[in-house]
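Engineer: The following block contains the structure, expressed as structure tokens.
There are 2 protein chains.
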Amino acid sequence: MAETIQKIDRDSYEPAYAQIARLLTQEISSGKFRPGDQLPSEATICGRYGVSPMTVRRAVNMLIDQGLVATRQGKGTFVKGLELGRSTFALDELQSLFRDKETSRVRLIRSRIVPASEEIARSLDITANDRVIYIRRLLLKNDEPFLCHDAHLIYDPTRPIVEAEMDLTSLHGLFSGTGETDIKKGLLLIRSTLLSAEEAALLRVAPSTPAFRLEHTFFDFNDRPVSFGYFICPSERLSFSAKVGIWD
Amino acid sequence: MAETIQKIDRDSYEPAYAQIARLLTQEISSGKFRPGDQLPSEATICGRYGVSPMTVRRAVNMLIDQGLVATRQGKGTFVKGLELGRSTFALDELQSLFRDKETSRVRLIRSRIVPASEEIARSLDITANDRVIYIRRLLLKNDEPFLCHDAHLIYDPTRPIVEAEMDLTSLHGLFSGTGETDIKKGLLLIRSTLLSAEEAALLRVAPSTPAFRLEHTFFDFNDRPVSFGYFICPSERLSFSAKVGIWD
DNA sequence: AAGTGGTCTAGACCACTAT
DNA sequence: TAGTGGTCTAGACCACTTT
């Protein structure tokens, strides 16, 4: 028995709660605790590591947030099985594209004021044929066309946002979190589609190549839509991945 | 001044830390605090709501987790701008499909032992032409073909997982988190592709329709791959969406 | 030195579940 | 009644930044 009372390194830069979360995760990862099993009670863990309840609580909360365990008041803490519905896909690949300012450049293809189509009008909460600013850009990776970006902006001289969106560097800011202080929220949608003839030519691939279309709508702090657009990228150049379960 | 000392409802079922997080979020959402602005210090918030530091800390941690603010030790807490790279796409649509057992059914199309292709062998960490179990199923929504599922399983009589995977109801369990106690982790990949002739026929759409292909690889608690497969669904039937920023 | 975030304590009290 | 998770206190101490 004994089970060794002390395993926490109080001098570590890793906080006690993080150490405990890590140790618990390892015990689950190793198969010592299987899905459905009950973890030791929080009081037990307090005693085992010589920490106070709040510290254990925080560690357990981390595991809950990660979807690794679930607590049931009055009963205990139990290991959860894999849950595919919890999978989350991130835009890492796209983000790294824009982050690397050395190899990526943006070329303006088109920029004009046009009447809004039905789809655009619906997305921007305006009426069809209202004027919008239409911008098409090409993102180049190592001077090769990589993806295409279409944006449709509300045409309103009183709003300064337009200027920022016109800026060729604004795409970088959107991904890095710098700037864009006038946008409150955004809605993103991944679609699967075929490249149009013009898009295929721009991107230098065969027409009708399968592609991702990442739609985005942005809203200002008055919850009014300010822009609608989409990134288009041949499918072989991009993919969205997610890890679910325990990856050490 | 005054600024009203008490705004926390101690009798509410919503914990104090959650109430504070909600109030802070509202202040940001309303535009009172803009991206780049500094929030009141934690000590100030303690006084304003009459709670202890730990409670405020937990509220602030919630906002950090949501990507709404960032803290800088010794300086303060600051509101962050929109960060596209933080967008996360969930499998809500697929999950709800499988969750509804009333309208969704699974039909087994094919089930046989075949030699592994190069791609399958690579994914399952075996050598090409090793035998694998190949299963093709069709998911029906309201008795109409909705999506197709191919799975390739390690052929090993000593592992009982095969039986579970063969079960036509196993797909439901994967999404709901029930069962599947033998799978430790999974890797998912969204691709954009074209339907093959057979797939198009099965799904009753035109050939060469653009479609999503959701690949999945599952691993057991020894980190060995146990299955590789993919869901295929015409793009107009499915999309992946994400919300970023502040949605009240 | 003063102000900021960050961790942690050693309890207290409550709600829920089982026996 | 006893054991479980869940919240909260009223401080303490530390690390970092600014003045």
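Chains as they are written, first to last, in this note's numbering: chain A, 1 to 248; chain B, 1001 to 1248. The C-beta atom is built at its ideal place from N, Cα and C for all residues, glycine as well.
How is the beta strand (DSSP E) around glutamate 1215 of chain B delimited, first residue to last?
Structural biologist: Here the beta strand (DSSP E) through glutamate 1215 of chain B covers 1210 to 1220.
Engineer: Within the region 7 to 47 of chain A, note down every full alpha helix (DSSP H) run reaching 4 residues or more, in order along the chain.
Structural biologist: For the region 7 to 47 of chain A, whole alpha helix (DSSP H) runs of length 4 or above, ordered along the chain, are 16 to 29.
Engineer: Comparing the C-beta of valine 1244 of chain B with each C-beta of chain A, is any distance below 9 Å?
Structural biologist: At least one chain A Cβ lies under 9 Å of valine 1244 of chain B.
Engineer: Using 8 Å as the threshold, is the region 1018 to 1027 of chain B in touch with the region 110 to 126 of chain A, meaning 3 or more CB pairs across them?
Structural biologist: These segments do not touch.
Engineer: Between the region 1088 to 1101 of chain B and chain A, which residues of the former have a C-beta closer than 9 Å to a C-beta of the latter?
Structural biologist: If the cut-off is 9 Å between Cβ atoms, the region 1088 to 1101 of chain B has Thr1088, Phe1089, Ala1090, Leu1091, Asp1092, Leu1094, Gln1095, Ser1096, Phe1098 and Arg1099 near chain A.
Engineer: Just the Cα atoms here: how many angstroms apart are leucine 139 of chain A and threonine 209 of chain A?
Structural biologist: Using only the alpha carbons, I get a separation of about 18 Å.
Engineer: Would you mind giving the Cβ-Cβ distance between lysine 141 of chain A and leucine 97 of chain A, rounded to the nearest angstrom? I have them listed as a contact below 8 Å.
Structural biologist: With 8 Å as the limit, lysine 141 of chain A and leucine 97 of chain A qualify as a contact, their Cβ atoms being about 7 Å apart.
Engineer: From the DSSP output, in three-state form, read off phenylalanine 1228 of chain B for me.
Structural biologist: Residue state, collapsed to three classes: strand.
Engineer: Is any beta-carbon of chain A found at less than 9 Å from that of glutamate 1014 of chain B?
Structural biologist: It does not; no Cβ of chain A falls within 9 Å.
Engineer: Consult DSSP for threonine 1207 of chain B and reduce its assignment to one of helix, strand or coil.
Structural biologist: A small correction: the amino acid at residue 1207 of chain B is proline; threonine does not occupy that position in the sequence shown. It is coil, neither helix nor strand.
Engineer: Would a C-beta distance cut-off of 9 Å place isoleucine 1183 of chain B and leucine 82 of chain A closer than the cut-off?
Structural biologist: Result yes, Cβ atoms of isoleucine 1183 of chain B and leucine 82 of chain A sit closer than 9 Å.
Engineer: On a Cα-Cα basis, can you pick out the residue from B:Arg1105, B:Ser1227 and B:Ala1128 that is closest to aspartate 1143 of chain B?
Structural biologist: Checking every option, the nearest Cα to that of aspartate 1143 of chain B belongs to B:Arg1105.
Engineer: If we cut at 9 Å on Cβ distances, does aspartate 1143 of chain B have a partner in chain A?
Structural biologist: Aspartate 1143 of chain B does not count as touching chain A.
Engineer: Can you give the Cα-Cα distance for arginine 1137 of chain B and leucine 68 of chain A, rounded to whole angstroms?
Structural biologist: About 29 Å.
Engineer: Which residue from A:Lys185, A:Ala197, A:Ser241 and A:Phe240 puts its Cα closest to that of serine 1030 of chain B?
Structural biologist: For serine 1030 of chain B, the nearest C-alpha among the options comes from A:Lys185.
Engineer: Just to confirm the assignment, what range does the alpha helix (DSSP H) spanning threonine 55 of chain A have?
Structural biologist: Run containing threonine 55 of chain A: 53 to 65, per the alpha helix (DSSP H) assignment.
Engineer: Determine whether the Cβ of phenylalanine 228 of chain A lies closer than 9 Å to any Cβ atom of chain B.
Structural biologist: Chain B, which has no Cβ nearer than 9 Å to the Cβ of phenylalanine 228 of chain A, makes this no.
Engineer: 9 Å is my cut-off, CB to CB: does aspartate 189 of chain A come that close to chain B?
Structural biologist: A small correction: the amino acid at residue 189 of chain A is leucine; aspartate does not occupy that position in the sequence shown. Closer than 9 Å to some Cβ of chain B, the Cβ of leucine 189 of chain A qualifies, so yes.
Engineer: Express the C-alpha separation of glutamine 1073 of chain B and phenylalanine 1240 of chain B in angstroms, rounding to a whole number.
Structural biologist: Near 37 Å, if we compare the C-alpha coordinates of glutamine 1073 of chain B and phenylalanine 1240 of chain B.
Engineer: Would you kindly report the start and end of the unbroken alpha helix (DSSP H) that includes leucine 97 of chain A?
Structural biologist: Unbroken alpha helix (DSSP H) run through leucine 97 of chain A: 92 to 99.
Engineer: Helix, strand or coil: how does DSSP classify glutamate 1144 of chain B here?
Structural biologist: Three-state DSSP puts glutamate 1144 of chain B in a strand.
Engineer: Using a Cβ-Cβ cut-off of less than 7 Å, give me the residues of the region 1208 to 1219 of chain B that come near chain A, in sequence order.
Structural biologist: For the region 1208 to 1219 of chain B, which is checked against every Cβ of chain A, the residues closer than 7 Å are Pro1210, Ala1211 and Phe1212.
Engineer: Since isoleucine 109 of chain A is in the beta strand (DSSP E), which residue starts that stretch and which ends it?
Structural biologist: Residues 104 to 115.
Engineer: Are the C-beta atoms of arginine 86 of chain A and some chain B residue less than 9 Å apart?
Structural biologist: It does: the Cβ of arginine 86 of chain A has a partner Cβ on chain B nearer than 9 Å.
Engineer: Does glycine 74 of chain A get closer than 9 Å to chain B when you measure Cβ to Cβ?
Structural biologist: With 9 Å as the cut-off, glycine 74 of chain A does not count as an interface residue toward chain B.
Engineer: Mind checking whether threonine 88 of chain A and alanine 1090 of chain B have CB atoms under 9 Å apart?
Structural biologist: The answer is yes: Cβ separation under 9 Å.
Engineer: Check this for me: beta carbons of threonine 1193 of chain B and serine 192 of chain A, under 9 Å apart or not?
Structural biologist: Yes; because the gap between Cβ atoms is below 9 Å, this pair is in contact.
Engineer: For valine 51 of chain A, which residues of its own chain have a beta-carbon under 6 Å away from its beta-carbon, when the five flanking residues on both sides are left out?
Structural biologist: Once the five neighbours on either side are set aside, the close Cβ partners of valine 51 of chain A are Ala16.
Engineer: Residue range of the alpha helix (DSSP H) that histidine 1191 of chain B falls in?
Structural biologist: In the sequence as displayed, the identity of residue 1191 of chain B is arginine instead of histidine. Looking at the DSSP string, arginine 1191 of chain B is not in any alpha helix (DSSP H); the run it does join, the beta strand (DSSP E), is 1183 to 1194.
Engineer: Alpha carbons only, please: which of B:Cys1233, B:Leu1187 and B:Leu1214 is nearest the one belonging to valine 1205 of chain B?
Structural biologist: Measuring from the Cα of valine 1205 of chain B, the nearest candidate turns out to be B:Cys1233.
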